[in-house]
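Below is one structure; the comments refer to it alone.
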Amino acid sequence: MATQPLQEIFPELTILSIPLRNNFRGINFREVAIFKGTHGWSEFSPFLEYDVDEAKTWLNASLEAANNPWPEQHHKKIPINATLPAVAPKEVKAILQGYPGCKTVKIKVDDFENGALLVEAALEQLPDAKIRLDVNGGWDQLSAISNLLEYHLRFGSIFEYVEQPCQSISELAAIKAESPVPIAVDESIRKNLSSEFYQLKEVADIAILKWQPLGGFASAHKIANTIGLPVVISSALETGIGISHGLALAASFKDMDFACGLGTVSLFESDICEPAVVAKDGFIEVARREPAGLDKYRASAERVQWWNDRIVKILEVK
Ligand SMILES: [Mg+2]
Numbered sequence: 283m284a285t286q287p288l289q290e291i292f293p294e295l296t297i298l299s300i301p302l303r304n305n306f307r308g309i310n311f312r313e314v315a316i317f318k319g320t321h322g323w324s325e326f327s328p329f330l331e332y333d334v335d336e337a338k339t340w341l342n343a344s345l346e347a348a349n350n351p352w353p354e355q356h357h358k359k360i361p362i363n364a365t366l367p368a369v370a371p372k373e374v375k376a377i378l379q380g381y382p383g384c385k386t387v388k389i390k391v392d393d394f395e396n397g398a399l400l401v402e403a404a405l406e407q408l409p410d411a412k413i414r415l416d417v418n419g420g421w422d423q424l425s426a427i428s429n430l431l432e433y434h435l436r437f438g439s440i441f442e443y444v445e446q447p448c449q450s451i452s453e454l455a456a457i458k459a460e461s462p463v464p465i466a467v468d469e470s471i472r473k474n475l476s477s478e479f480y481q482l483k484e485v486a487d488i489a490i491l492k493w494q495p496l497g498g499f500a501s502a503h504k505i506a507n508t509i510g511l512p513v514v515i516s517s518a519l520e521t522g523i524g525i526s527h528g529l530a531l532a533a534s535f536k537d538m539d540f541a542c543g544l545g546t547v548s549l550f551e552s553d554i555c556e557p558a559v560v561a562k563d564g565f566i567e568v569a570r571r572e573p574a575g576l577d578k579y580r581a582s583a584e585r586v587q588w589w590n591d592r593i594v595k596i597l598e599v600k
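Position one of the sequence shown corresponds to residue 283 (this note's numbering), numbered consecutively onward.
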């Protein structure tokens, strides 16, 4: 397969580097590859540090979406949550303005106090918001339990769930037994794709699914069926092209009762799609999207070469 020219497998392959408004998971620019398959535009955008095996799963998703029809769609638009990176509280107002009409706010939390300041700042803007905390596995079991009890005492039952408070299944089980806040799993799924998932129903209440990290539509549905929990679809900080496939994944679930984390294009300086794939009145419509005006964000020749080399290496993996 790798002997085939890249442009044949990935027609109109374009590498982009898009500035972010705020530092997000340590990066200020989002580098992505986009290309056009037989069914439309797709995106391949594993983070730069991901190894070939992990990136291969993302590539499978991007090729499936480019060259196949979407799965059956049950919804025309998807409710969206705001996503708040771990910023200074004074920046919260401007960020939340990027999510007009959204009534659920997901907050990236590192330590308890910084997180509490962000919860306060979010509630100042949206007093009736439902709040989600995303810890990215950053707490140990004991601090997770005490932090969650403390959040609950301080703010009451405004928390919809806490995403991945700890990394391990055994810690999650202990937390679930004591936590006043429902538990969602994210990294337990996408960083452990070779595991069997059947335990997750015992230690969590909600499963976070992502289009690229789980390997695409068919793979995500298979995983969702195995886990057997209600799902929330979230982005991997994709452009409007990747987000369009995240929306299609969300719309392919009949029961989609939660707001989804697919409004993250508003964390970019601007989208590559026109109009931008961002929330309007709290929703985004589900539709295939095309890029427009790519020249603004074309990556350097050196970065294009890096991505080409990366893709070739992935294609060589069986
Ligand atoms: Mg998460």
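Every residue, glycine too, gets a C-beta built ideally from N, C-alpha and C. These figures come from a predicted structure and were not determined experimentally.
{"Asked": "Inter-residue Cα distance where the pair is Ala-558 and Leu-424", "Found": "42 Å"}
{"Asked": "Residues near Met-283 by beta carbon distance below 6 Å, same chain, minus five either side", "Found": "Residue confidence is low: Met-283 scores 49 on pLDDT, short of 50, so the model does not pin down where it sits. Its coordinate-derived value is still stated next. Taken in chain order, the residues that qualify are Leu-597."}
{"Asked": "Where Phe-479 sits in the DSSP three-state scheme", "Found": "coil"}
{"Asked": "Cα-Cα separation, Pro-573 to His-434", "Found": "43 Å"}
{"Asked": "Which residues DSSP lists as bridging Lys-562, in chain order", "Found": "Phe-565"}
{"Asked": "Cβ-heavy atom distance, Ser-516 to ligand 1, below 8 Å", "Found": "yes"}
{"Asked": "Limits of the unbroken alpha helix (DSSP H) element including Val-594", "Found": "583-598"}
{"Asked": "Whole-angstrom distance between Tyr-332 and Arg-580, CA atom to CA atom", "Found": "21 Å"}
{"Asked": "Per-residue burial, Asp-553 [other beta carbons within 10 Å of its own, 16 or more giving buried]", "Found": "buried"}
{"Asked": "Leu-366 - DSSP class collapsed to helix/strand/coil", "Found": "strand"}
{"Asked": "For Ala-532 and Ile-291, the rounded distance between their alpha carbons", "Found": "27 Å"}
{"Asked": "Sequence-distant residues of the same chain with beta carbon closer than 6 Å to His-611, five excluded per side", "Found": "There is no way to answer for residue 611, as the model of the chain reaches only from 283 to 600."}
{"Asked": "Proximity test, Glu-453 beta-carbon vs ligand 1 heavy atom, cut-off 8 Å", "Found": "no"}
{"Asked": "Same chain, Cβ closer than 7 Å to Glu-373, five either side skipped, listed in chain order", "Found": "Asn-304"}
{"Asked": "With 16 other Cβ atoms within 10 Å as the buried cut-off, status of Gln-416", "Found": "In the sequence as presented, Gln is not what sits at residue 416; that position holds Asp. Classification of Asp-416: buried, given that the 10 Å Cβ count is 16 or more."}
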